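Residues 1 to 150 in full-length UniProt numbering are what the sequence shown lists, from first letter to last. A virtual CB, placed ideally from N, CA and C, is assigned to each residue, including glycine. Computed from a prediction, not measured in an experiment: that's the story for all the values here.
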Amino acid sequence: MYTSLIEKLEHTQVIRWFPNRQVQESWIVEVEQELGFPLPPSYRWWLLNYGVAHLSGTGILTISPPEHREYADTDILYIYRLADEDAKREGKLELFVPDEDEIYYFDVRTADANGEYKVMRLDYLNGEPEVYADSFAAFLERLIDERTPR
Numbered sequence: 001m002y003t004s005l006i007e008k009l010e011h012t013q014v015i016r017w018f019p020n021r022q023v024q025e026s027w028i029v030e031v032e033q034e035l036g037f038p039l040p041p042s043y044r045w046w047l048l049n050y051g052v053a054h055l056s057g058t059g060i061l062t063i064s065p066p067e068h069r070e071y072a073d074t075d076i077l078y079i080y081r082l083a084d085e086d087a088k089r090e091g092k093l094e095l096f097v098p099d100e101d102e103i104y105y106f107d108v109r110t111a112d113a114n115g116e117y118k119v120m121r122l123d124y125l126n127g128e129p130e131v132y133a134d135s136f137a138a139f140l141e142r143l144i145d146e147r148t149p150r
């Protein structure tokens, strides 16, 4: 199902992941219970198979072990807890913040038939969110493609 992404991950220098740092299913269930909505299937797959990674030197939000979640700034639930109520009402679940000019997030109001959320990109300079990818897997593939030197 994720053959293209797996192939890209095996041959890229853009994303660095850390072997044996996968997330446990029980952690995902705990996070989903607190969030009140499910995480998308391709993101769950990523967490269970890869877990922790950096893209161009910046961490992609993950799920930390429960004993570290209260202070782990790479934990998706920790960051969600810090979000203001407007962001939560707008369905924003932050995913990746590569710099101070932009942010990528799941729009949890946009679940498709497979349970995937659109990944949105918000450019703080123009303030307009745009659909960046239709799923987490497509988000990773696009970022790999865009950031791989030609």
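| Check | Outcome |
| --- | --- |
| Spatial distance of I15 from M1 (CA atoms) | 20 Å |
| Same chain, Cβ closer than 7 Å to S56, five either side skipped, listed in chain order | V14, P98 and R147 |
| D84, DSSP secondary structure in three states | coil |
| Buried versus exposed, by CB contacts within 10 Å (16 or more), P40 | buried |
| Rounded separation between D101 and G59 - CA only | 16 Å |
| Best match in Q33, E70 and Y80 for proximity to Y105 [C-alpha to C-alpha] | Y80 |
| Nearest-angstrom Cα separation, counted from P149 out to P38 | 35 Å |
| N- and C-terminal bounds of the beta strand (DSSP E) containing Y104 | E102 to D107 |
| Nearest-angstrom Cβ-Cβ length linking R142 and P129, presumed shorter than 8 Å | The pair is not a contact, with the Cβ atoms about 16 Å apart (cut-off 8 Å). |
| DSSP state of V29 mapped onto helix, strand, coil | helix |
| Spatial distance of L82 from T12 (CA atoms) | 32 Å |
| Exposed unless 16 or more other CB atoms sit within 10 angstroms - verdict on G51 | buried |
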